[in-house]
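Under my numbering, the first residue of the sequence shown carries the number 55, and numbering increases by one thereafter. Notes for the one structure printed next.
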Amino acid sequence: MVLTVKETWSVPAILILTTLVAVSGSYVFGSAVGYSSPAQTGIMDDLNLGVAKYSLFGSILTIGAMIGAIISGRIADYAGRRTAMGFSEVFCILGWLVIAFSKVGWWLYIGRLLVGYGMGLLSYVVPVYIAEITPKNLRGGFTTVHQLMICCGVSLTYLIGAFLNWRILALIKVGRIIPCLVQLLGLFFIPESPRWLCLRGKNADISQEATEIGDFTEALQKETEASIIGLFQLQYLKSLTVGVGLMILQQFGGVNDIAFCASSIFISAGFSGSIGMIAMVAVQIPMTALGVLLMDKSGRRPLLLVKSSLRRENGCFLAALSFTLQDLHKWKEGSSILTLVGVLAYTGSFLLGMGGIPLVIMSEIFPINVKGSAGSLVNLASWLCSWIVSYAFNFLMSWSSAGRFTFTLNSL
Numbered sequence: 055m056v057l058t059v060k061e062t063w064s065v066p067a068i069l070i071l072t073t074l075v076a077v078s079g080s081y082v083f084g085s086a087v088g089y090s091s092p093a094q095t096g097i098m099d100d101l102n103l104g105v106a107k108y109s110l111f112g113s114i115l116t117i118g119a120m121i122g123a124i125i126s127g128r129i130a131d132y133a134g135r136r137t138a139m140g141f142s143e144v145f146c147i148l149g150w151l152v153i154a155f156s157k158v159g160w161w162l163y164i165g166r167l168l169v170g171y172g173m174g175l176l177s178y179v180v181p182v183y184i185a186e187i188t189p190k191n192l193r194g195g196f197t198t199v200h201q202l203m204i205c206c207g208v209s210l211t212y213l214i215g216a217f218l219n220w221r222i223l224a225l226i227k228v229g230r231i232i233p234c235l236v237q238l239l240g241l242f243f244i245p246e247s248p249r250w251l252c253l254r255g256k257n258a259d260i261s262q263e264a265t266e267i268g269d270f271t272e273a274l275q276k277e278t279e280a281s282i283i284g285l286f287q288l289q290y291l292k293s294l295t296v297g298v299g300l301m302i303l304q305q306f307g308g309v310n311d312i313a314f315c316a317s318s319i320f321i322s323a324g325f326s327g328s329i330g331m332i333a334m335v336a337v338q339i340p341m342t343a344l345g346v347l348l349m350d351k352s353g354r355r356p357l358l359l360v361k362s363s364l365r366r367e368n369g370c371f372l373a374a375l376s377f378t379l380q381d382l383h384k385w386k387e388g389s390s391i392l393t394l395v396g397v398l399a400y401t402g403s404f405l406l407g408m409g410g411i412p413l414v415i416m417s418e419i420f421p422i423n424v425k426g427s428a429g430s431l432v433n434l435a436s437w438l439c440s441w442i443v444s445y446a447f448n449f450l451m452s453w454s455s456a457g458r459f460t461f462t463l464n465s466l
């Protein structure tokens with residue numbers, strides 16, 4: 055299949071179909087992130103898990119993702135973007151089956167680790183693949199659809215998880231396995247990335263691919279593929295600093311902790327966990343969709359620096375203030391509402407800016423000859439930071455209000 059800038063407008067169904075198949079994996083990603091919050095009470099009761107063991111269950115997802123991230127770039131470079139996506143879905147399907155039929159905590163951990171491994175691959179290859187098949191004038195918005203589908207996965211898991219048993223939640227078609235199968239089957243009908251063909255397919259016919267490929271083909275032939283150690287050369291240092299820095303800031307903002315433990319946050323604040331998560335659903339999808347629309351119009355930097363940062367700080371301040379008021383036994387009737395407003399403001403502003411923009415920037419700033427190694431390193435840094443904050447979060451929440459405030463202040 056051939057994609058050109060002109061044909062993108064005349065035959066949009068081709069690009070849309072390819073993107074939808076790719077972001078089916080993003081939906082699975084979001085389902086995994088959102089699963090631990092609505093499932094927390096049921097799993098802890100059924101399998102007799104304490105706070106420490108359940109924190110391990112929540113955070114072990116990121117450990118598996120770190121393992122997947124280490125090799126994600128290499129698999130995507132050597133086997134191709136489509137093969138990497140298919141490989142990741144096999145692990146996700148196996149992981150969800152293990153979780154659904156777990157009788158003891160160890161099987162639960164193994165299943166979560168397998169899902170995390172698949173997520174580590176998906177978190178790199180999906181945005182890169184979309185960026186490589188999309189014309190430059192549409193790239194920002196289309197790449198952000200990855201974040202939109204992650205948000206849909208998280209939101210729908212919150213919504214249906216409020217009413218269903220955790221085992222059923224791991225299996226039902228709107229939650230996990232059907233999207234995995236949709237992507238696996240769809241991969242047979244979508245093209246490989248033209249940039250990957252340019253890098254690896256010596257006999258591939260890319261003469262009619264997007265015009266920008268010709269701009270870097272000659273330069274690509276003069277460059278050699280860099281290893282992870284080779285990334286620390288002066289010529290790549292700026293791109294590496296930007297890529298790793300954005301991912302670290304994204305994770306230490308704490309959004310994954312809110313996603314993992316939203317229910318316990320609302321309950322701790324004296325608010326209904328189910329109502330709180332439904333409210334998050336009402337905010338997450340529209341704000342992510344707005345980010346998709348603004349990505350190519352406002353530009354990356356203005357959206358990242360101005361429109362989202364200030365609102366995130368306000369949301370965190372409100373959440374921190376509400377927990378402080380609770381500890382001081384003041385304004386009890388309003389502090390729970392303040393928590394809800396703060397969490398919703400923080401989540402919405404994050405999805406508008408820091409949620410999707412770092413992934414778009416990461417897919418654009420690295421030269422093709424280092425993209426695989428750079429992607430592995432950037433994703434490893436991202437998932438390592440995510441593990442640190444996700445494992446510590448439940449302990450901070452159970453420690454004291456100071457622990458809650460420390461987490462929220464860290465987000466600022």
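The C-beta atom is built at its ideal place from N, Cα and C for all residues, glycine as well. Predicted model, so just to flag it, every value in this text is computed and none were measured.
Buried versus exposed, by CB contacts within 10 Å (16 or more), residue i
i      : result
Phe83  : buried
Tyr132 : exposed
Ile187 : buried
Arg289 : Sequence inspection shows Gln at residue 289; the Arg mentioned does not correspond to that position. Gln289 comes out exposed.
Gln380 : buried
Gly104 : exposed
Phe477 : No answer is possible for residue 477: it lies beyond the span of the chain, which begins at 55 and ends at 466.
Ile70  : exposed
Val144 : exposed
Leu167 : buried
Gly299 : exposed
Gly388 : exposed
Gln237 : buried
Leu347 : exposed
Euclidean distance between Cα positions of residue i and residue j
i      : j      : result
Met349 : Leu223 : 33 Å
Ile410 : Gly345 : For the sequence presented, residue 410 should be read as Gly rather than Ile. Using only the alpha carbons, I get a separation of about 8 Å.
Thr47  : Gly134 : As displayed, the chain neither begins before 55 nor continues past 466, which places residue 47 out of reach and without an answer.
Leu213 : Ser440 : 24 Å
Val77  : Leu382 : 46 Å
Trp437 : Leu431 : 10 Å
Leu463 : Ala374 : Only weak support exists for where Leu463 lies, its pLDDT of 49 falling under 50; the coordinates are left without a value.
Ser90  : Ile114 : 11 Å
Ala313 : Val397 : 10 Å
Phe243 : Thr73  : 12 Å
Lys190 : His200 : 16 Å
Arg136 : Leu251 : 12 Å
Leu57  : Ala130 : Only weak support exists for where Leu57 lies, its pLDDT of 43 falling under 50; the coordinates are left without a value.
Ile68  : Ile442 : 41 Å
Ser390 : Arg128 : 47 Å
Glu246 : Met120 : 25 Å
Gly330 : Val424 : 43 Å
Ile319 : Val309 : 12 Å
Arg355 : Lys292 : 16 Å
Gly240 : Leu434 : 28 Å
Thr265 : Leu176 : Bear in mind that the predicted position of Thr265 carries a pLDDT of just 49, short of 50, making it unreliable; the figure below should be weighed with that in mind. About 27 Å.
Gly79  : Ile147 : 11 Å
Lys157 : Phe420 : 45 Å
Leu392 : Met408 : 23 Å
Trp193 : Met173 : Note that residue 193 corresponds to Arg in the displayed sequence, not to Trp. Their Cα atoms are separated by approximately 22 Å.
Ala123 : Phe325 : 37 Å
Ala446 : Asp100 : 23 Å
Phe286 : Ala428 : 10 Å
Asn219 : Ala399 : 29 Å
Thr197 : Ala343 : 12 Å
Ser328 : Phe111 : 21 Å
Leu357 : Phe404 : 11 Å
Glu263 : Val87  : In this prediction, Glu263 scores a pLDDT of 47, lower than 50, which makes its location untrustworthy; the coordinate-derived value is nonetheless stated afterwards. Cα-Cα distance, rounded: 36 Å.
Ile164 : Tyr81  : 21 Å
Cys205 : Pro233 : 14 Å
Ser444 : Ala316 : 12 Å
Phe155 : Ala138 : 27 Å
Arg372 : Ala323 : According to the sequence shown, residue 372 is Leu rather than Arg. Cα to Cα, Leu372 sits roughly 12 Å from Ala323.
Arg249 : Gly297 : 20 Å
Residue interval of the alpha helix (DSSP H) (run including residue i)
i      : result
Thr116 : 105–132
Thr188 : Where Thr188 is concerned, there is no enclosing alpha helix (DSSP H), given that its DSSP letter is neither H nor E.
Trp150 : 135–154
Ser293 : 288–306
Checklist entry - Enumerated in chain order, which unbroken segments of the alpha helix (DSSP H) with a length of 4 residues or greater are wholly contained in the stretch 188–251? => result 193–215, 220–225, 231–240
Checklist entry - Looking at C-beta atoms only, is the number of pairs between the stretch 172–187 and the stretch 397–417 that lie closer than 8 Å three or more? => result yes
Next on the checklist: Assess contact between the stretch 93–109 and the stretch 331–346, defined as three or more Cβ pairs (one per stretch) separated by less than 8 Å. Is contact present?
Outcome noted: no
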